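Position 392 of the sequence shown, counting from 1, maps to 392 under full-length UniProt numbering, and the rest follow consecutively.
A virtual CB, placed ideally from N, CA and C, is assigned to each residue, including glycine.
All values reported here derive from a predicted model rather than from experimental measurement.
First up is the structure itself, then whatever we jot down about it.
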Amino acid sequence: MQNGYHQAYAAWKRDPEAFWREAAAEIDWFKPPERVFSPDDGIYGRWFAGAETNTCHNCLDRHVAAGRGSETAIIFDSAMTGEKRRFSYDEVLGEVKAIAATLLALGIGKGDRVILYMPMLPQAVFSMLACARIGAVHSVVFGGFAASELAARIDDSGARLVITASCGLEPGRVVAYKPLVDQAIELARMKPERCLVLQRPQLQAELVGGRDEDFEAAVAPYRGAELACVSVKATDPLYILYTSGTTGQPKGVVRDNGGHLVALNWSMRNIYGLKPGEVFWTASDIGWVVGHSYIVYAPLISGVTTLIFEGKPVGTPDAGAFWRVVAEHDVRVLFTAPTAFRAIRREDEDGELIARYRMPNLRALFLAGERADPETLKWAERMLAIPVIDHWWQTETGWPIAANPLGLGALPVKHGSPALPMPGYEVAVLDDAGHPIEAGTLGNIVIRLPLPPGCLPTLWHADDRFRSAYLDEFPGYYKTADAGYVDEDGYLFIMSRTDDIINCAGHRLSTGAMEEVCARHPDVAECAVIGVIDALKGQAPCGFLVLKRSVARESAAIESEVVAMIRDQIGPVAAFKTAITVNRLPKTRSGKILRGTMQKIADGIPWKMPATIDDPAILEEIAEALRKRGFGSLPM
Ligand code: COA
Ligand code: AMP
Numbered sequence: 001m002q003n004g005y006h007q008a009y010a011a012w013k014r015d016p017e018a019f020w021r022e023a024a025a026e027i028d029w030f031k032p033p034e035r036v037f038s039p040d041d042g043i044y045g046r047w048f049a050g051a052e053t054n055t056c057h058n059c060l061d062r063h064v065a066a067g068r069g070s071e072t073a074i075i076f077d078s079a080m081t082g083e084k085r086r087f088s089y090d091e092v093l094g095e096v097k098a099i100a101a102t103l104l105a106l107g108i109g110k111g112d113r114v115i116l117y118m119p120m121l122p123q124a125v126f127s128m129l130a131c132a133r134i135g136a137v138h139s140v141v142f143g144g145f146a147a148s149e150l151a152a153r154i155d156d157s158g159a160r161l162v163i164t165a166s167c168g169l170e171p172g173r174v175v176a177y178k179p180l181v182d183q184a185i186e187l188a189r190m191k192p193e194r195c196l197v198l199q200r201p202q203l204q205a206e207l208v209g210g211r212d213e214d215f216e217a218a219v220a221p222y223r224g225a226e227l228a229c230v231s232v233k234a235t236d237p238l239y240i241l242y243t244s245g246t247t248g249q250p251k252g253v254v255r256d257n258g259g260h261l262v263a264l265n266w267s268m269r270n271i272y273g274l275k276p277g278e279v280f281w282t283a284s285d286i287g288w289v290v291g292h293s294y295i296v297y298a299p300l301i302s303g304v305t306t307l308i309f310e311g312k313p314v315g316t317p318d319a320g321a322f323w324r325v326v327a328e329h330d331v332r333v334l335f336t337a338p339t340a341f342r343a344i345r346r347e348d349e350d351g352e353l354i355a356r357y358r359m360p361n362l363r364a365l366f367l368a369g370e371r372a373d374p375e376t377l378k379w380a381e382r383m384l385a386i387p388v389i390d391h392w393w394q395t396e397t398g399w400p401i402a403a404n405p406l407g408l409g410a411l412p413v414k415h416g417s418p419a420l421p422m423p424g425y426e427v428a429v430l431d432d433a434g435h436p437i438e439a440g441t442l443g444n445i446v447i448r449l450p451l452p453p454g455c456l457p458t459l460w461h462a463d464d465r466f467r468s469a470y471l472d473e474f475p476g477y478y479k480t481a482d483a484g485y486v487d488e489d490g491y492l493f494i495m496s497r498t499d500d501i502i503n504c505a506g507h508r509l510s511t512g513a514m515e516e517v518c519a520r521h522p523d524v525a526e527c528a529v530i531g532v533i534d535a536l537k538g539q540a541p542c543g544f545l546v547l548k549r550s551v552a553r554e555s556a557a558i559e560s561e562v563v564a565m566i567r568d569q570i571g572p573v574a575a576f577k578t579a580i581t582v583n584r585l586p587k588t589r590s591g592k593i594l595r596g597t598m599q600k601i602a603d604g605i606p607w608k609m610p611a612t613i614d615d616p617a618i619l620e621e622i623a624e625a626l627r628k629r630g631f632g633s634l635p636m
C-alpha cells in the first residue's frame, strides 16, 4: 500500500536535488543556494556549497521576526533540584546574544573551537547557540567522561576556550566537574586559554587566576547587547562531536551548517510529526548526538518547543518521573533510549505510576540509540497505548537513516525493525566481499554515496581516517559498521556492530579503548574486553586479564585496580564493573583473539569450537571462569 512515505521516498529517488531544494526553501539563507549538490567538492560531494546562512538565526531570530518572540522556546525541568522554568524565544535570544558577545570579548571568533563540558542546563544550550551565532565551532563532551577523555578532545579540536559548570547532579552524589576540567587542561598538550565556569549553588568551584572566569559575572555586562549573526558558509562546521572509534582516539564527527539545517528541519515534521509550538521531549543528554539533534537543533530550527530535563527515568524520585514531566509540560512526542524503558519497567511492571498521570496529548514514543528489544517495545505499547517507533541512526548521520515516519503517515509496525530507509538514504546489505545479499541474510549494512544533507562530510582534520574508517571497504558506499538484514518488504533489522563498539545504556563505547587502559596496568600482560548482554543496559563491558608470569599478588586486587583505572581514565559512563583473570586468551593460530566466541559463551548463546583455534582447552577455561561469575554456558 502506498502512503506519504512511499511518495516522499519515490520523489527523492526520482530527483534528489529537487527534493532537497524544496526542503531547503524552508530555511533562511543569507546567500541562497544556487547549487544543491556539488559532486566534485569534499570527499564524496558537498551539499549547498556556495550558500551562506547561520544556524542560530534559524533557531531563534527568524521565529522572533515572525512574531513568535513571546512563545516558549525551551522548558527546563530539573528533577534533581525541583527547578522548573520556561524561556521564550525573546529570552533565549537575549541570553544567547549576551553569551556570544562574551565569547567575542574573550577573543573567540569564527572557526575557533569551544569545548562545552556541562550538565543538562539551559546555559549549556544557550552556549551552543552562542557559538553558532558567531561561527565558532562547539564540541560538547558528555559529563560522564573522565579528564583524560576530555583532554583528548581538547587536543584534537584545538579548543581555545572551555565552558563548564561547577558540578553535575547524579542521584545521590554531586559530581564536581571543575577538578576534572583542571586535570584535563593539565593533561592537554594544547592548553585552552580561557575557561568560563557556571557556579551552581550545590558546589562552588575554585577559579584559577588569569584563566578562569565566573560565567555569570562574565556574561552579565553584555545583557541587552545587540549582536547580529555572523554569515557562515553552508559547508562551514557547526560542531564537532567526538564518538567512539575502534581505538582509544575518538573520532571527531564534523557537522556542517547548511545540510544540517535542511535535514533536521525536514525530519521534525515528516519523521516526528511535530508542528511549531508543540512540545517535544528528547530524554537524553546534550553530550550525545541525540541531544545535539533532537534536544537542541531540530526542535528550535522548526519552531517546536524543546524540553531540557535534568534527571533520570528512575530514582529521581521514582519510575514515574517521565510521566510527571510529560503530564506537567504537555509533551506531545517523547524520544528516549530503550534502556530508559527497561529501567522504568523493572520498577513499575504493571504501570501503576503511569496510571497516576494524565497524558491525553502524548501521541508517540520514539526509541533509538540501541536495538529496541521487542519485549520492551511491546510493553511500552501496552502501557502507553500510543505508537512506539523504533528508529535507527548514528552520530555520523545526525538524523534517522531508517524510521517509521509518523508525519508522513505511519507504516505498519514490525517489532524488532526500525522500518524503512528515509529519503536521502539508499541502504544495501552486502557480504564481506561487497556483493549484495538476498533478503533475510545477515550482512554489512551500507549506505550508497552520497550521504544525504546533515551527515558528516569528514572527520575533524582527519580525511584519511574518514576514508579508511567508512569508505574504503565497500567502494561507492558508506559503511555503517552495523550488521543486519532486510526482509522481503524492505524492512531493516539492525542486529549488532561489526566492529568492537558496544552499546551500554544507549551510550556508544569502544572496547578497544578499554583494552588500551587495561593494558596499562603494570601487572597485565594481555587483555580482551567484550560486551556481554545486560538486562538493563543492553550490553555491559567485561574484561579478561592475563597477568605477567612474575606477578605474585592476589588477582582480585588487580581486577579491582583495573576497574578503578577505567573509571578514572575513561569515566563512569563506561560502566566497567567486571574484570576476570584467566591463564590465557583464546586465539586463532594466527594470533587473533577470539572475542566473538568469548562473547557467545558469556551470553549463553550456542557456540562451536572455531576450526582455527590454537588450543581448544583455553575456551573451556574461559567458559568455566565465566560460569563462576554467573555468565554463560558450556559448548554445544
Ligand atoms: N556526569 C557525571 N557522571 C555521569 C553522568 C554525567 N552527566 N551521566 C552518567 N554518569 C555516571 C552515573 O552516575 C553512573 O555512575 P555510577 O557508576 O557511579 O553509578 C555512570 O556514569 C553510568 O551512568 P548511566 O549509564 O547513566 O547508568 P545509570 O546506572 O546511572 O542509569 C539508566 C541507567 C538506564 C537509568 C540511564 O542510563 C538512562 O537514563 N539512560 C537513558 C538513555 C540515554 O540517555 N541514552 C543516551 C543516548 S539516547
Ligand atoms: P551513536 O553513534 O551513539 O548514536 O550509536 C550508533 C549506534 O547505535 C548504531 O551504529 C547502532 O549500532 C546503534 N543503534 C542506534 N539506534 C539503533 C536502533 N534503533 N536499533 C539498533 N541499533 C541502534
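| query | result |
| --- | --- |
| If you draw a straight line from the C-alpha of Lys548 to the C-alpha of Thr612, how long is it? | 26 Å |
| Using CA atoms only, rank isn't needed, just tell me which of Ile566, Val524, Ile530, Glu34 is closest to Ser550. | Val524 |
| By how many angstroms is the C-alpha of Phe631 removed from the C-alpha of Cys542? | 11 Å |
| For ligand 2, I want to know if Gln497 counts as a neighbour, meaning its beta carbon is within less than 7 Å of at least one of the ligand's heavy atoms. | Going by the sequence as given, residue 497 is Arg instead of Gln. Arg497: yes, Cβ under 7 Å from ligand 2. |
| By DSSP's criteria, Pro530 is part of a beta bridge. Which residues make up the other side? | According to the sequence shown, residue 530 is Ile rather than Pro. Partner(s): Cys542. |
| Any chance the CB of Gln183 is under 7 Å from a heavy atom of ligand 2? | no |
| Which value, in whole angstroms, describes the spacing of the CA atoms of Arg21 and Met268? | 17 Å |
| Can you tell me which of Tyr491, Leu106, Val563 puts its alpha carbon nearest to the alpha carbon of Ala439? | Tyr491 |
| Beta-carbon within less than 8 Å of Arg584's beta-carbon, same chain only, minus the 5 sequence neighbours each way: which residues are those? | Val546, Asp615, Ile618, Glu621 |
| Taking the alpha-carbon of Ala151 as reference, which of Val279, Gln183, Val208, Ala23 has the nearest alpha-carbon? | Gln183 |
| Give me the residue from Ala557, His461, Gly369, Pro475 with the minimum Cα distance to Met495. | Gly369 |
| Taking the alpha helix (DSSP H) that Asp90 falls in, what are its first and last residues? | 89–105 |
| Taking 7 Å as the cut-off, does the CB of Val333 come closer than this to any heavy atom belonging to ligand 1? | no |
| By how many angstroms is the C-alpha of Ala234 removed from the C-alpha of Phe48? | 6 Å |
| Between the segment 8–27 and the segment 187–204, can you find at least three pairs of beta-carbon atoms closer than 8 Å? | no |
| Assess contact between the segment 87–104 and the segment 252–272, defined as three or more Cβ pairs (one per stretch) separated by less than 8 Å. Is contact present? | no |
| Let me check one thing: in DSSP terms, what residues is Glu170 bridge-paired to? | Arg173 |
| Ignoring anything shorter than 3 residues or poking outside the segment 148–215, list the beta strand (DSSP E) runs there in chain order. | 161–165, 167–170, 173–176, 194–198, 212–214 |
| For ligand 2, is there a heavy atom less than 7 Å away from the beta-carbon of Asp390? | yes |
| Is the segment 288–296 touching the segment 311–323, taking contact as three or more C-beta pairs under 8 Å? | no |
| Gly443 and Tyr485 - do their beta-carbons sit closer together than 8 Å? | yes |
| Do Tyr5 and Pro405 count as a contact pair if the criterion is CB distance below 8 Å? | yes |
| Quick one, which of Lys592, Met609, Ala513 has its alpha-carbon nearest Thr247's? | Ala513 |
| Within a Cβ cutoff of 7 Å, which residues of the same chain sit near residue 691, ignoring the five residues on either side of it in sequence? | There is simply no residue 691 to check, as the chain begins at 1 and stops at 636 in what is shown. |
| For my contact list, Trp460 and Ser157 are in at a C-beta cut-off of 8 Å; report their separation, rounded to the angstrom. | 7 Å |
| Please find out if some non-hydrogen atom of ligand 2 comes closer than 7 Å to the beta-carbon of Val289. | yes |
| Relative to the alpha-carbon of Pro32, which residue among Phe474, Glu52, Glu17, Ala18 has its alpha-carbon at the smallest distance? | Glu52 |
| Secondary structure at Met636, three-state DSSP: helix, strand or coil? | Caution is warranted here: a pLDDT of 39 is assigned to Met636, below 50, making its placement in the model unreliable, and the coordinate value is therefore given only provisionally. Met636: coil per DSSP, three-state reduction. |
| Is any heavy atom in ligand 2 found nearer than 7 Å to the beta carbon of Ala481? | yes |
| In angstroms, rounded to a whole number, what distance separates the CA positions of Val181 and Ala147? | 6 Å |
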